[in-house]
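**Student:** The following block contains the structure, expressed as structure tokens.
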Amino acid sequence: MNKIPECPIHPVSIKLIRSGHPWITADSFSNRFPRQSSFIVAADERRRPLALLLHDPFHKNVKARVWSTRAPFEREAQHFTASVQARLDLAFEKRDKQKEISERENYYLTFGEADQLPGLFILRLKDRVLIQFYTAFWNRYKSIIQTTIQEIYPEILDENIWFQLRGETKELQKLPKNESDPNRRDEFHLQEFGLQYLIRLGSSYDIGLYTDMSSIRHTLQDLIAQDSKVLNLYSYTGAFSLWAMKLGASEVVSVDLSPKYIEWLQQNIGLNPELKSEQHEAMTMSADEALGSLKGQNRKFDLIICDPPSSSSDGEKRTSAIKSYKELLKKMDAVLSSEGKMVIFLNTHQVNAQKFERTIQDYLKELNLKYKLGLKLSLSQDCPTLKGFPEGNYLKGIVLEKL
Ligand SMILES: C[S@@+](CC[C@H](N)C(=O)[O-])C[C@H]1O[C@@H](n2cnc3c(N)ncnc32)[C@H](O)[C@@H]1O
0 MNKIPECPIH
10 PVSIKLIRSG
20 HPWITADSFS
30 NRFPRQSSFI
40 VAADERRRPL
50 ALLLHDPFHK
60 NVKARVWSTR
70 APFEREAQHF
80 TASVQARLDL
90 AFEKRDKQKE
100 ISERENYYLT
110 FGEADQLPGL
120 FILRLKDRVL
130 IQFYTAFWNR
140 YKSIIQTTIQ
150 EIYPEILDEN
160 IWFQLRGETK
170 ELQKLPKNES
180 DPNRRDEFHL
190 QEFGLQYLIR
200 LGSSYDIGLY
210 TDMSSIRHTL
220 QDLIAQDSKV
230 LNLYSYTGAF
240 SLWAMKLGAS
250 EVVSVDLSPK
260 YIEWLQQNIG
270 LNPELKSEQH
280 EAMTMSADEA
290 LGSLKGQNRK
300 FDLIICDPPS
310 SSSDGEKRTS
320 AIKSYKELLK
330 KMDAVLSSEG
340 KMVIFLNTHQ
350 VNAQKFERTI
360 QDYLKELNLK
370 YKLGLKLSLS
380 QDCPTLKGFP
390 EGNYLKGIVL
400 EKL
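Okay, here's the thing in structure tokens:
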């Protein structure tokens, strides 16, 4: 192996690495890392080796990710393959021990940085595995990753392993594919908490079910009482709607702007004959429009679930979810029964849980709405988070109880 270049990094990056943050973002230092080198040794202010980095010169924003802060780094790099295998084994073992995830066929086998595998997310989807690279660094380790998975899970066949490049840059926004087998089945069903869902690996960037929300879905069962009326805003393919129906809700209304996702949701209901489809109503329109229409009909719900995209556009201007919550709270309140509850989510690392909570409290005050802040929701179980790394802790939810 060639000698790994030692490069100075930005003073802020030095501080961040010391506090456990695993990213080096684009700046005048990282933009000068030698492009051909896949590993870089970051040097501190006194030019002492600080960390071994995985380099990704093509990434728009995250130029390198910390692999190790334990010197000697030349040796760490020489043993890289063995370390990848060991970290994968450890992550898989952790999931095998988690009883909570045994009720679902979808869970994360690795969750990137929080499993010490920066930018490497592996999803188990029934008898398949979807390997997501958030950095192109991992491209050259495809076969090591695949072999390690199949050593531990020999039931996973070659044709059921999918690779997907994801990330901020357009080049990384690719569909999962495996060139070797054009006839592979990309559509299948999997089970979560006794419900079947249609998964599509090959047709869209989104596969039809958010696994990072699974543990939260499970938690929400305590809020869905028999015969409750549930409104699911920004429903996507309906995971919360099906779950509410399964738990005995007497009426479930799902709202999504996308006809494609509403159709997918209907297909998901069809996959579960025990669900009473006549108790479900789909509204293919904006949440705003649906809330207006439901208010006009004088409808009331016991539980409203609201999970908007982090920002959305009406064709003219972009609005962030956090900003749109003021208007949303007012409109949701108008269709929430007395003593009803709302579960509101925010899906961005740019606003932390405390800021989200404070902003919501301020809005409630301004709107003169009386609510108690209840349970806080966040990533958990198979989706761990890392202290000092807010980017990995993007999902937050609050239960609001009407007083
Ligand atoms: C983050 S996903 C919701 C995921 C879903 N709650 C789940 O758990 O599976 C956001 C969804 O909002 C929909 N959407 C975006 N803008 C919307 C709007 N203004 N009104 C209603 N739905 C919208 C998108 O089509 C997408 O399905």
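Residue numbering for the sequence shown follows numbering that gives the first Met the number 0, beginning at 0 and increasing consecutively. We put the CB at the ideal spot given by N, CA and C, even for glycine. Owing to the predicted nature of the structure, the values given are computational and were not obtained by experimental measurement.
#1: Is residue 60 helix, strand or coil by DSSP?
#2: Please state whether DSSP places residue 170 in a helix, a strand or coil.
#3: Give a yes or no on whether the C-beta atoms belonging to residue 117 and residue 66 are separated by under 8 Å.
#4: Take the Cβ of residue 297 as the centre, count every other Cβ of all protein chains shown within 10 Å, and call the residue buried at 16 or more, exposed below.
#5: According to the neighbour-count rule (16 or more other Cβ atoms, all chains shown, within 10 Å of its Cβ), is residue 58 buried or exposed?
#6: Please report the residue range of the beta strand (DSSP E) in which residue 282 lies.
#7: Are the beta-carbon atoms belonging to residue 185 and residue 199 less than 8 Å from one another?
#8: Would DSSP call residue 295 helix, strand or coil?
#9: Taking 7 Å as the cut-off, is the beta-carbon of residue 361 closer than that to any non-hydrogen atom of ligand 2?
#10: Have a look at residue 170 and residue 204 and give me their C-alpha separation to the nearest angstrom.
#11: Quick one: give me the first and last residue of the alpha helix (DSSP H) that residue 264 is part of.
#12: DSSP state of residue 239, grouped into three classes?
#13: Leaving out five residues on either side along the sequence, give the residues of the same chain with a beta carbon under 7 Å from the beta carbon of residue 379.
#14: Relative to the alpha-carbon of residue 245, which residue among 285, 228 and 33 has its alpha-carbon at the smallest distance?
#15: Let's see if you can read the secondary structure: which residues bound the alpha helix (DSSP H) around residue 72?
#16: Indicate whether residue 63 and residue 27 have their beta-carbon atoms separated by less than 8 Å.
#17: Over the uninterrupted alpha helix (DSSP H) stretch that includes residue 320, give me the two end residues.
#18: Check whether the Cβ atoms of residue 399 and residue 341 lie closer than 8 Å to each other.
#19: What does DSSP give as the partner residue(s) for residue 367 in the beta ladder?
#20: How far does the beta strand (DSSP E) with residue 199 in it extend, from its first residue to its last?
#21: For the beta strand (DSSP E) that contains residue 253, what are its first and last residues?
#22: So residue 124 and residue 109 are supposed to be a Cβ contact under 8 Å. How far apart are they, rounded?
#23: Please state whether DSSP places residue 47 in a helix, a strand or coil.
#24: Check whether the Cβ of residue 244 sits closer than 7 Å to any heavy atom of ligand 1, and report yes or no.
#25: Go ahead and pull the three-state DSSP assignment for residue 124.
#26: Using a Cβ distance threshold of 8 Å, determine whether the stretch 310-326 contacts the stretch 367-374, with at least three qualifying pairs required.
#27: Spatial neighbours of residue 43 within its chain, please: CB distance less than 7 Å, with the 5 preceding and 5 following residues excluded, ordered by chain position.
#28: Does DSSP classify residue 55 as helix, strand or coil?
#29: Using CA atoms only, rank isn't needed, just tell me which of 230, 307 and 283 is closest to residue 334.
#30: For residue 207, which of 303, 286, 220 and 266 has the nearest alpha-carbon?
#31: Ignore the nearest five residues each way along the sequence and tell me which others in residue 237's own chain have a CB closer than 6 Å to its CB.
#32: Between the Cα of residue 212 and the Cα atoms of 373, 225 and 107, which residue gives the shortest distance?
#33: So, using beta-carbon positions, are residue 255 and residue 135 closer together than 8 Å?
#34: Per DSSP, residue 303 forms a beta bridge with which residues?
#35: Compare the Cα-Cα distances from residue 234 to each of 248, 338, 259 and 40 and report the closest residue.
**Tutor:** Result, derived from the coordinates:
#1: For this step, residue 60 is matched to residue 61 along the sequence shown. Residue state, collapsed to three classes: coil.
#2: In the sequence shown, residue 170 corresponds to position 171, counting from 1. Confidence is the limiting factor: at residue 170 the pLDDT is only 49, short of 50, which leaves the residue's position unreliable, though a coordinate-based value still follows. The answer is helix: DSSP assigns residue 170 an H, G or I state.
#3: Counting from one through the sequence shown, the residue named residue 117 turns up at place 118. Counting from one through the sequence shown, the residue named residue 66 turns up at place 67. Closer than 8 Å, so yes.
#4: Numbered from its first residue, the sequence shown carries residue 297 at position 298. The residue in question, residue 297, is exposed, as its Cβ has fewer than 16 Cβ neighbours within 10 Å.
#5: On the sequence shown, position 59 is the one that residue 58 refers to. Buried: at least 16 other Cβ atoms inside 10 Å.
#6: The residue given as residue 282 occupies position 283 in the sequence shown. It spans 279-283 - the beta strand (DSSP E) in which residue 282 sits, taken as one unbroken run.
#7: Residue 185 sits at position 186 when you count from the first residue of the sequence shown. Residue 199 sits at position 200 when you count from the first residue of the sequence shown. Pairing residue 185 with residue 199 gives a Cβ-Cβ distance under 8 Å.
#8: On the sequence shown, position 296 is the one that residue 295 refers to. Here residue 295 sits in helix by DSSP.
#9: Among the ligands modelled here, namely ligand 1, ligand 2 does not occur.
#10: As a position in the sequence shown, residue 170 is number 171, starting the count at 1. As a position in the sequence shown, residue 204 is number 205, starting the count at 1. With a pLDDT of only 49 at residue 170, under 50, the local geometry of the prediction cannot be trusted, and the value read off the model is given with reservation. Between the alpha carbons of residue 170 and residue 204 lies a distance of about 13 Å.
#11: Translated into the one-based positions of the sequence shown, residue 264 becomes position 265. Per DSSP, residue 264 belongs to the alpha helix (DSSP H) from 258-269.
#12: In the sequence shown, residue 239 corresponds to position 240, counting from 1. Helix at residue 239.
#13: Your numbering for residue 379 matches position 380 in the sequence shown. Here the set comprises 214.
#14: Reading the sequence shown from its first residue, position 246 is the one you call residue 245. Per the Cα distances, 228.
#15: The count along the sequence shown starts at 1 and reaches residue 72 at position 73. That run of the alpha helix (DSSP H) goes 72-77.
#16: Translated into positions along the sequence shown, residue 63 becomes position 64. Translated into positions along the sequence shown, residue 27 becomes position 28. 8 Å or more divides the Cβ of residue 63 from the Cβ of residue 27.
#17: Within the sequence shown, residue 320 is the residue found at index 321, counting from 1. Start and end: 320-333.
#18: One-based indexing of the sequence shown puts residue 399 at position 400. One-based indexing of the sequence shown puts residue 341 at position 342. With respect to residue 341, residue 399 sits close: the two C-beta atoms are nearer than 8 Å.
#19: For the purposes of this step, residue 367 is identified with residue 368 of the sequence shown, where counting begins at 1. DSSP lists no bridge partner for residue 367.
#20: For this step, residue 199 is matched to residue 200 along the sequence shown. Unbroken beta strand (DSSP E) run through residue 199: 194-199.
#21: Residue mapping note: residue 253 aligns to position 254 of the sequence shown, counting from 1. Per DSSP, residue 253 belongs to the beta strand (DSSP E) from 250-255.
#22: Here residue 124 corresponds to residue number 125 of the sequence shown, with the count starting at 1. Here residue 109 corresponds to residue number 110 of the sequence shown, with the count starting at 1. Contact annotation, residue 124 with residue 109: C-beta distance approximately 14 Å; criterion of less than 8 Å not satisfied.
#23: Looking up residue 47 in the sequence shown gives position 48. Residue 47: coil per DSSP, three-state reduction.
#24: Translated into the one-based positions of the sequence shown, residue 244 becomes position 245. Outside the cutoff, so no.
#25: Along the sequence shown, one-based indexing puts residue 124 at 125. It is a strand residue.
#26: no
#27: Counting from 1 along the sequence shown, the entry for residue 43 is found at position 44. So the qualifying residues of the chain are 13 and 49.
#28: Here the question's residue 55 lines up with position 56 in the sequence shown. Of the three classes helix, strand and coil, the one that applies to residue 55 here is coil, per DSSP.
#29: Within the sequence shown, the letter at position 335 stands for residue 334. Considering only alpha carbons, the answer is 230.
#30: Within the sequence shown, residue 207 is the residue found at index 208, counting from 1. Nearest of 303, 286, 220 and 266 to residue 207, Cα basis: 266.
#31: To locate residue 237, count along the sequence shown from 1; it is residue 238. Same-chain partners within the cutoff: 253, 264 and 267.
#32: As a position in the sequence shown, residue 212 is number 213, starting the count at 1. Closest by alpha carbon: 107.
#33: Here residue 255 corresponds to residue number 256 of the sequence shown, with the count starting at 1. Here residue 135 corresponds to residue number 136 of the sequence shown, with the count starting at 1. Inclusion of residue 255 and residue 135 in the CB contact set at 8 Å is not warranted, their separation being larger than that value.
#34: What you label residue 303 is simply residue 304 of the sequence shown in a count that begins at 1. Paired residue(s): 230 and 341.
#35: What you label residue 234 is simply residue 235 of the sequence shown in a count that begins at 1. Its Cα nearest to that of residue 234, the residue 259 stands out among 248, 338, 259 and 40.
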